[in-house]
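**Student:** Here it is, the structure in full.
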Ligand code: NDP
């Protein structure tokens, strides 16, 4: 196992491995999910939303040393470069790390999307991403046209520069429209999903139509961790609240990528595969659903933010 050493700078771990970091994923404890297009994705990854660009390589380095082999970034996070740098510096093969990025809201028109995707690959300094997503549907912008945007992502997949393509924050109506007007079923839909927002209609639509559900803010940015139901299960299992919630996601079949820049938490959030929830636990967590009141982020039907 790696030995963790605290650094002075941003409080992130610098790991000194007793052994070389394995360059093979074949021994990974993380289950792999086969997407509708046949490509595998590690069910647990590491999210880098809100990690400052200058801290990102260090955080991703810590995550890779802890065992994560799946990184979720986006053009809007402004930290794709740090992700690519850390993966290259790790000595791992490019094919051993699953990388997702997402199209910036400002670039939905096809010509802009092509430029933006080229920029993503340039920032990462990779010739492909494993998964590229439309970050938000923005149904009130671009004359409501996310279909031509999706057809542009189909081009990226045909060219081999995005091995899989998917969407994020798409509601059922948006998915139905893609199904009616385009050829390719999104491999994933990345949506807000945690114990306070089960987002069940969207998740269930995905399950019925071969679209894997990725759960963003899987611990609701910490908001669910003090819930008495969660803390009581954590005590019973001698696990942390975050581990209980992340394990709940794993057992429901969700793909998750918790974010942390705290050394112990990066490791803690990876340790999900040596225990299981007991009968009744999942149902008790499901019952915490607050519907729309549980949403912490914007509503995809009205969200219309485009960075300058
Ligand atoms: P998370 O639910 O992953 O929570 C992150 C927060 O929880 C941070 O404040 C972190 O603090 C804290 N935390 C992490 N682990 C623990 C722990 N074990 N115990 C206590 N606190 C903990 O939120 P995110 O919003 O970051 O979601 C995860 C990822 O999902 C993002 O990084 C991004 O990749 C993706 N995402 C996608 C969106 C989309 O629109 N498609 C929107 C939002 C997120 P600290 O860092 O200080 O340790």
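Numbering (this note's numbering), first residue to last: 1083 to 1390.
Glycine is no exception: its CB is placed at the ideal position from the N, C-alpha and C atoms.
Between residue 1330 and the ligand NDP, is the CB less than 7 Å from at least one heavy atom?
**Tutor:** Residue 1330 Cβ: outside cutoff for every heavy atom of the ligand NDP.
**Student:** Figure out for me which residue from 1148, 1362, 1179, 1219 has the closest Cα to the Cα of residue 1185.
**Tutor:** Checked all of 1148, 1362, 1179, 1219; the closest Cα to residue 1185 is 1219.
**Student:** Measure the alpha-carbon distance for residue 1199 versus residue 1299 and round it to whole angstroms.
**Tutor:** Roughly 24 Å separates the two Cα atoms.
**Student:** Tell me where the beta strand (DSSP E) around residue 1111 begins and ends.
**Tutor:** Counting along the chain, residue 1111 falls outside any beta strand (DSSP E), and DSSP gives it neither H nor E.
**Student:** Could you compute how far the alpha carbon of residue 1370 sits from the alpha carbon of residue 1277?
**Tutor:** Rounded to the nearest angstrom, the two C-alpha atoms are 6 Å apart.
**Student:** With burial defined as no fewer than 16 other Cβ atoms inside 10 Å of the residue's Cβ, what is the status of residue 1387: buried or exposed?
**Tutor:** So residue 1387 counts as exposed.
**Student:** Closer than 8 Å by C-beta to residue 1201: which residues in its own chain qualify, once you throw out the five before and the five after it? Chain order, please.
**Tutor:** Around residue 1201: 1157.
**Student:** Taking the straight line between their C-alpha atoms, what separation do you get for residue 1319 and residue 1312?
**Tutor:** In a straight line, the C-alpha of residue 1319 is about 11 Å away from that of residue 1312.
**Student:** Under 7 Å Cβ to Cβ from residue 1363, same chain only, skipping five residues before and after it: list those, please.
**Tutor:** Within the same chain, residue 1363 has close Cβ partners 1315.
**Student:** What would DSSP say about residue 1196, mapped onto helix, strand or coil?
**Tutor:** Three-state DSSP puts residue 1196 in a helix.
**Student:** For the alpha helix (DSSP H) that contains residue 1341, what are its first and last residues?
**Tutor:** Unbroken run through residue 1341: none, as it is neither H nor E.
**Student:** Sorted by chain position, which residues of the same chain lie with C-beta nearer than 6 Å to residue 1223's C-beta, five sequence neighbours on each side aside?
**Tutor:** Cβ within range, chain order: 1386.
**Student:** Within the continuous beta strand (DSSP E) that includes residue 1215, where are the two ends?
**Tutor:** Its beta strand (DSSP E) spans residues 1211-1216.
**Student:** Taking the alpha-carbon positions, what's the residue 1215 to residue 1235 distance?
**Tutor:** For residue 1215 and residue 1235, the distance between alpha carbons rounds to 8 Å.
**Student:** Applying the 10 Å Cβ sphere with the 16-neighbour rule, what's the burial state of residue 1383?
**Tutor:** Its Cβ having fewer than 16 others within 10 Å, residue 1383 is exposed.
**Student:** Spatial neighbours of residue 1367 within its chain, please: CB distance less than 6 Å, with the 5 preceding and 5 following residues excluded, ordered by chain position.
**Tutor:** Correct list, in chain order: 1277, 1330.
**Student:** Could you give the first and the last residue of the continuous alpha helix (DSSP H) run that contains residue 1326?
**Tutor:** Per DSSP, residue 1326 belongs to the alpha helix (DSSP H) from 1323-1334.
**Student:** If you count every other CB in all the chains shown that lies within 10 Å of the CB of residue 1161, and 16 or more means buried, which is it?
**Tutor:** By the 10 Å Cβ count, residue 1161 comes out buried.
**Student:** Shorter than 7 Å, the distance from the beta carbon of residue 1115 to the closest heavy atom of the ligand NDP, or not?
**Tutor:** No, the ligand NDP has no heavy atom inside 7 Å of this Cβ.
**Student:** Would the C-beta of residue 1251 count as close to the ligand NDP, meaning under 7 Å from any of its heavy atoms?
**Tutor:** Yes, since a heavy atom of the ligand NDP falls inside the 7 Å radius drawn around the Cβ of residue 1251.
**Student:** Under a three-way DSSP split, which group does residue 1177 fall into?
**Tutor:** Three-state result, residue 1177: helix.
**Student:** Taking the alpha carbon of residue 1132 as the reference point, which residue from 1141, 1275, 1126, 1248 has its own alpha carbon closest?
**Tutor:** Nearest of 1141, 1275, 1126, 1248 to residue 1132, Cα basis: 1141.
**Student:** According to DSSP, simplified to helix, strand and coil, what is residue 1428?
**Tutor:** Nothing about residue 1428 can be read from this structure; the chain reaches only from 1083 to 1390.
**Student:** Tell me which same chain residues have a C-beta within less than 6 Å of the C-beta of residue 1247, skipping the five on either side of it?
**Tutor:** Excluding positions up to five away in sequence, the list reads 1214, 1235, 1239.
**Student:** Could you tell me the alpha carbon to alpha carbon distance between residue 1378 and residue 1297, rounded to whole angstroms?
**Tutor:** Looking at the two C-alpha atoms, the distance is approximately 13 Å.
**Student:** Using the C-alpha atoms, what's the distance from residue 1310 back to residue 1250?
**Tutor:** Those two C-alpha atoms are separated by around 31 Å.
**Student:** When DSSP labels each residue in this structure, what does residue 1187 get in the three-state scheme?
**Tutor:** Note: residue 1187 maps to helix in three-state DSSP.
**Student:** So residue 1149 and residue 1110 are supposed to be a Cβ contact under 8 Å. How far apart are they, rounded?
**Tutor:** With a Cβ gap of about 7 Å, residue 1149 and residue 1110 count as contacting.
**Student:** So, residue 1324 versus residue 1348, is the Cβ gap smaller than 8 Å?
**Tutor:** In this structure, residue 1348 does not lie closer than 8 Å to residue 1324 by Cβ.
**Student:** Since residue 1122 and residue 1112 should fall inside the 8 Å C-beta cutoff, what is the C-beta to C-beta distance between them, to a whole number of angstroms?
**Tutor:** No, residue 1122 and residue 1112 are not in contact; Cβ-Cβ is about 11 Å, not under 8 Å.
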